[in-house]
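Residue numbers (the UniProt record's numbering): 1 to 757.
Some notes on the structure that comes next.
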């Protein structure tokens, strides 16, 4: 007996039997979800020793000349056409001219290849368009987003037959067909495995002929574009009780394509998602019969529906909602910084108060971080990666930090953005927050189950192959494969422990940083935490086994660590890509300080609650010998970062690029805010002279010769602009309520006027 045989039979075989009992088998649904997408940078982070040089070498997200022209032309034209107040509170829909413009300019066909009549844009362009359009209107942003995300177009390109592609893609590209996708059902939510929508294989009449097809019965809800869609992708469970196809009775989750005009299909009713009036509503189908050629991908794709959905989500979840979140975060940062300079209390801008400065700094940090991570993710997608774990990270953290940004912005604005009306530039963003948090995988589910739960299997260097070996029906082959993997895993674990020890005991100083990096200390700290994360991952999997699925709070915290490593790496890459702008260093330092604190909190949460206390003690000894760092950004740094949003500078423009600020002939509250911000900055020297003479009244200052006539005029213009910004809307009672007359004798409606807060 040689050493390897001895190892396999005496050590590995008993471990194999024990692991087979402890680790649950991978279900077919789980396997399809795991197989969807690819492993990218998440795999490097799970090794505990990521090569940061590879991250920096990755080409940055970049638009082609054609894509930039589309951004500068049709996208800006569309934004100028949209009156969000009128859409939401009067029309409850986009006007016909906007729908027609979107069709004409092929906004619905951005991802469809040119040979099918689409624009053939990159993922970067798709993201940039959604981001800019969403900055002017959530309704318009969602309307552009959905046809280019999870829907018939994306699925047809990956899985459709040639005939289906040739027919449907040109019609989707030019807007002749408006698509929707029916997944969510009342009983099962978005859990496709639990759906009750069915398709029964049977013979029926189609265009006068008896053909083999599917009898569909379904009830879907929350379907964006459902009320106006002309074609739907439909997920259902397919059954063949008479075995017409010779594959047994239960054929699995399948996707069909059918026109909404098909007999038995009912649509047109609308949901109202948080008074955000994009088209959304239920779909019903009763005894809907269609031939088998309506199955997306044809008969060979029967039962492949869940894999189709997961594959599409692996990319789409990393584009749509993160792009919309980046728009909201940028609007919040830019508008709130400007408002904090324009709005005064006690004769000073409110942004000078430290209570305002902390949330302002957080707004700047969120805007920088979300966009950094968005750009890195779409660049990876353009390189051909489809990283499902990274997409889950982006979906959760982009929308969650967007929520934080909007809440902080609302806090600072106070009554200005509580009162709805055309002058409120944050109300629409605020109302849409729960939508982004909920769709494409609710955030609670995503954080607690998906990020680490999927990542630990999909992205870990050995775990997936070990689980497959344990599930192998040929036990001899399974043990042989498991033996090779197990001892590689053991070697990896010892190497990880050694790295954790060296990097932990040196305070991160021995951690690697990219060659010639501008801020090596930040990279070294990420290297330290990556090693500690890999060590803690292995020990958590070893000690908890299959029970880790049920330890959702521990899984969530491990996912938080993984997410921060990705997000902070994206921030440092952005800093390098943008040419190491000296004025951006405070923002990067602030973000890294916040991120390290979040990582420490997550580590502490896992180590304090890990049932195997010996494992927690070992990690603390190796990786954190003097305790977990709990530093937070200093007050000085916080003030410095907050100031970036209150200065009219190229840095502010770089922090909030390509958002719609009301350009065009129409009145727009953000245009008023930008104008007031510029004017208030211009009169700072004049106001300084008045403060030095202890004079507040402009006329008095002019009469005393403190300011010239020209300066007086300039000051009056700035103060008038500030007053326009501070004003909120007030409406005649009759305009708001049809039963207003009960409160007073009916009077002629008065013109609406703005009032100051």
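By construction, the Cβ of each residue, glycine as well, lies at the ideal position given by its N, Cα and C atoms.
Per DSSP, residue 605 is one residue of the alpha helix (DSSP H) stretching across 585-609.
In the structure shown, the three-state DSSP call for residue 195 is coil. In the displayed model, residue 131 falls within a helix according to three-state DSSP.
Going by DSSP, residue 649 is part of no beta strand (DSSP E) at all; its letter is neither H nor E. Pairwise C-beta distances place the stretch 344-355 out of contact with the stretch 80-91, as fewer than three of them are shorter than 8 angstroms. Residue range 475-505 is occupied by the alpha helix (DSSP H) that includes residue 500, with no beta strand (DSSP E) assigned at that position. The Cβ atoms of residue 268 and residue 322 lie no closer than 8 angstroms to each other. Rounded to the nearest whole angstrom, the CA to CA distance from residue 108 to residue 128 is 14 angstroms. Residue pairing by DSSP places residue 345 opposite 348 in a beta bridge. The DSSP-derived three-state label of residue 148 is helix.
Looking at the backbone, the Cα of residue 134 and that of residue 432 are separated by about 11 angstroms. By the Cβ neighbour-count rule, residue 494 is exposed, with fewer than 16 other Cβ atoms within 10 Å of its own. Comparing C-alpha distances from residue 141 to each of 235, 319, 66 and 240 shows the shortest one belongs to 319. For residue 706, the secondary structure class from DSSP, reduced to helix, strand or coil, is coil. Taking the CA atoms as reference points, residue 710 sits about 34 angstroms from residue 659. DSSP places residue 727 within a strand segment (E or B) once states are collapsed to three.
Straight through space, the alpha carbons of residue 150 and residue 309 are spaced by roughly 8 angstroms. In the DSSP assignment, residue 613 falls outside any beta strand (DSSP E) and lies within the alpha helix (DSSP H) extending over 613-623. In the DSSP assignment, residue 22 falls within the alpha helix (DSSP H) that extends over 13-22. The alpha-carbon separation between residue 385 and residue 126 amounts to approximately 16 angstroms. A contact is defined here as three or more CB-CB pairs under 8 angstroms, and the stretch 52-69 fails this definition with respect to the stretch 478-485. For residue 403, there is no enclosing beta strand (DSSP E); the residue is part of the alpha helix (DSSP H) that begins and ends at 388-413. Relative to residue 223, the option among 280, 75 and 249 whose CA is nearest is 280. DSSP places residue 216 in the strand class (E or B) of the three-state scheme. Secondary structure at residue 200: strand, using DSSP grouped into helix, strand and coil. Collapsing the DSSP output to three states places residue 38 in a strand.
Taking one beta carbon from each stretch, the stretch 611-620 and the stretch 670-680 have fewer than 3 pairs nearer than 8 angstroms; the two do not touch. About 7 angstroms separates the Cβ atoms of residue 405 and residue 333, confirming a contact at the 8 angstroms cut-off. Excluding residues up to 5 positions away in sequence, 508, 511 and 513 lie with their Cβ nearer than 6 angstroms to the Cβ of residue 524 in the same chain.
In the DSSP assignment, residue 471 falls within the alpha helix (DSSP H) that extends over 463-471. The beta carbon of residue 420 is closer than 8 angstroms to those of 89, 427 and 729 in its chain, skipping five residues each way along the sequence. Cβ neighbours of residue 401 within its own chain (closer than 8 angstroms, five residues either side excluded): 325, 329, 366, 369 and 370. Rounded to the nearest angstrom, the gap between the Cα atoms of residue 640 and residue 679 is 22 angstroms. The C-beta distance from residue 36 to residue 307 rounds to 6 angstroms, short enough to fall under 8 angstroms. Residue 170 and residue 178 have their C-alpha atoms roughly 12 angstroms apart. In the DSSP secondary-structure assignment, residue 259 is bridged to 231.
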